[in-house]
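With UniProt numbering applied, the sequence shown has no gaps in its numbers, which climb one by one up to 114 at the end. Think of the CB as a built atom: it goes at the ideal place given N, C-alpha and C, for glycine as much as any other residue. Note that this is a predicted model, so its numbers are computed, not measured. Below is one structure, written out as C-alpha coordinates; the observations come after it.
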Amino acid sequence: MTDFVLVGGLLTVLALAVVQLALVLHVRNVLVDAAASGARYGTLADRTPEDARQRAAELITATVGADYARSISVSQADFAGARSLEVRVTAPIPVVGLIGPGGTMEVAGHAPVQ
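Pasting the structure below:
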(Lines of atoms letter the chains of each structure in order from A and count residues from 1; the text may use other names and numbers.)
(Lines give C-alpha, C1' and ligand atoms only; values in the text may rest on other atoms or scores of the structure.)
Protein backbone atom coordinates (compact mmCIF):
# COMPACT_ATOMS: atom_id res chain seq x y z
CA MET A 1 0.00 0.00 0.00
CA THR A 2 2.84 2.41 0.78
CA ASP A 3 4.36 1.74 -2.63
CA PHE A 4 1.10 2.69 -4.31
CA VAL A 5 0.93 6.01 -2.43
CA LEU A 6 4.54 6.89 -3.30
CA VAL A 7 4.23 5.94 -6.96
CA GLY A 8 0.80 7.58 -7.26
CA GLY A 9 2.12 10.82 -5.77
CA LEU A 10 5.12 10.80 -8.08
CA LEU A 11 2.97 10.17 -11.15
CA THR A 12 0.56 12.94 -10.13
CA VAL A 13 3.39 15.46 -9.80
CA LEU A 14 4.83 14.35 -13.14
CA ALA A 15 1.46 14.65 -14.87
CA LEU A 16 0.89 18.15 -13.45
CA ALA A 17 4.37 19.22 -14.60
CA VAL A 18 3.61 18.06 -18.15
CA VAL A 19 0.27 19.93 -18.13
CA GLN A 20 1.99 23.09 -16.86
CA LEU A 21 4.66 22.84 -19.56
CA ALA A 22 1.92 22.52 -22.17
CA LEU A 23 0.24 25.64 -20.76
CA VAL A 24 3.49 27.64 -20.93
CA LEU A 25 4.00 26.59 -24.55
CA HIS A 26 0.39 27.47 -25.37
CA VAL A 27 0.78 30.97 -23.87
CA ARG A 28 4.05 31.49 -25.78
CA ASN A 29 2.45 30.39 -29.06
CA VAL A 30 -0.53 32.70 -28.49
CA LEU A 31 1.81 35.63 -27.86
CA VAL A 32 3.89 34.90 -30.98
CA ASP A 33 0.78 34.58 -33.13
CA ALA A 34 -0.78 37.76 -31.73
CA ALA A 35 2.44 39.74 -32.27
CA ALA A 36 2.75 38.53 -35.87
CA SER A 37 -0.93 39.12 -36.59
CA GLY A 38 -0.73 42.60 -35.09
CA ALA A 39 2.33 43.40 -37.20
CA ARG A 40 0.62 42.23 -40.39
CA TYR A 41 -2.50 44.22 -39.50
CA GLY A 42 -0.46 47.36 -38.82
CA THR A 43 1.21 47.27 -42.24
CA LEU A 44 -2.03 47.41 -44.19
CA ALA A 45 -2.44 50.56 -46.29
CA ASP A 46 -5.09 52.19 -44.10
CA ARG A 47 -3.65 51.18 -40.70
CA THR A 48 -1.16 52.70 -38.25
CA PRO A 49 1.31 51.19 -35.77
CA GLU A 50 -1.20 51.95 -33.00
CA ASP A 51 -3.70 49.72 -34.81
CA ALA A 52 -1.08 46.96 -34.71
CA ARG A 53 -0.69 47.34 -30.94
CA GLN A 54 -4.46 47.31 -30.40
CA ARG A 55 -4.91 44.22 -32.60
CA ALA A 56 -2.23 42.30 -30.69
CA ALA A 57 -3.74 43.38 -27.35
CA GLU A 58 -7.23 42.28 -28.42
CA LEU A 59 -6.03 38.85 -29.51
CA ILE A 60 -4.00 38.28 -26.34
CA THR A 61 -6.76 39.52 -24.03
CA ALA A 62 -9.37 37.32 -25.70
CA THR A 63 -7.18 34.22 -25.51
CA VAL A 64 -5.12 34.26 -22.29
CA GLY A 65 -6.21 37.41 -20.43
CA ALA A 66 -5.44 41.08 -20.03
CA ASP A 67 -2.47 40.47 -17.70
CA TYR A 68 -0.49 39.19 -20.67
CA ALA A 69 -1.27 42.22 -22.87
CA ARG A 70 0.13 44.91 -20.57
CA SER A 71 3.49 45.44 -22.28
CA ILE A 72 3.23 45.70 -26.07
CA SER A 73 5.55 47.90 -28.08
CA VAL A 74 5.51 48.68 -31.80
CA SER A 75 8.48 50.01 -33.76
CA GLN A 76 10.01 50.14 -37.21
CA ALA A 77 12.82 47.60 -37.63
CA ASP A 78 15.18 46.21 -40.22
CA PHE A 79 14.46 42.48 -40.37
CA ALA A 80 16.27 40.24 -42.87
CA GLY A 81 17.31 43.26 -44.92
CA ALA A 82 13.81 44.65 -45.34
CA ARG A 83 12.04 47.50 -43.57
CA SER A 84 9.42 45.99 -41.31
CA LEU A 85 7.01 46.71 -38.49
CA GLU A 86 7.90 44.93 -35.27
CA VAL A 87 5.40 44.17 -32.51
CA ARG A 88 7.14 43.09 -29.29
CA VAL A 89 5.21 41.55 -26.38
CA THR A 90 6.65 41.07 -22.90
CA ALA A 91 4.51 38.92 -20.60
CA PRO A 92 4.87 36.90 -17.40
CA ILE A 93 5.71 33.21 -17.57
CA PRO A 94 2.81 31.24 -16.03
CA VAL A 95 4.19 29.27 -13.09
CA VAL A 96 1.06 27.80 -11.50
CA GLY A 97 -1.85 27.78 -13.90
CA LEU A 98 -1.94 31.23 -15.50
CA ILE A 99 -0.49 32.88 -12.38
CA GLY A 100 3.15 33.75 -12.70
CA PRO A 101 5.28 36.57 -11.37
CA GLY A 102 8.32 34.31 -11.69
CA GLY A 103 9.84 35.85 -14.82
CA THR A 104 9.00 37.21 -18.21
CA MET A 105 9.08 36.01 -21.78
CA GLU A 106 9.54 38.30 -24.73
CA VAL A 107 8.31 37.53 -28.23
CA ALA A 108 8.24 39.57 -31.42
CA GLY A 109 6.35 39.52 -34.69
CA HIS A 110 7.48 41.17 -37.91
CA ALA A 111 5.75 42.17 -41.13
CA PRO A 112 7.29 43.95 -44.13
CA VAL A 113 6.20 47.54 -44.63
CA GLN A 114 4.82 47.93 -48.14
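Residue i - DSSP class collapsed to helix/strand/coil
i    : result
D67  : helix
G109 : strand
Q54  : helix
T61  : helix
Q114 : coil
From the options, residue whose alpha carbon lies closest to that of residue i
i    : options               : result
R28  : G8, R70, F79 and T104 : T104
A111 : V19, S71 and L44      : L44
V96  : A52, V74, A17 and S73 : A17
Close-in-space but distant-in-sequence residues of the same chain around residue i (CB under 6 Å, 5 per side omitted)
i    : result
R83  : V113
V107 : L31, V32, A35 and V89
T61  : A69
G81  : none
Residue i to residue j span [Cα, whole Å]
i   : j   : result
T63 : F4  : 39 Å
D67 : Q54 : 15 Å
P92 : D78 : 27 Å
H26 : Y41 : 22 Å
E50 : E86 : 12 Å
S71 : A15 : 32 Å
A69 : A56 : 8 Å
L21 : G65 : 18 Å
V58 : Q76 : Residue identity differs from the one stated: residue 58 is Glu in this sequence, not Val. Using only the alpha carbons, I get a separation of about 21 Å.
Cβ shell of residue i (< 7 Å), same chain only, five flanking positions each side left out
i   : result
V24 : I93 and P94
R47 : Y41
V19 : none
Please confirm if the segment 31-49 is in contact with the segment 4-21, defined as three or more CB-CB distances below 8 Å between the two stretches. Taking a cut-off of 8 Å on C-beta distances, the segment 31-49 does not touch the segment 4-21, as fewer than three cross pairs fall below it.
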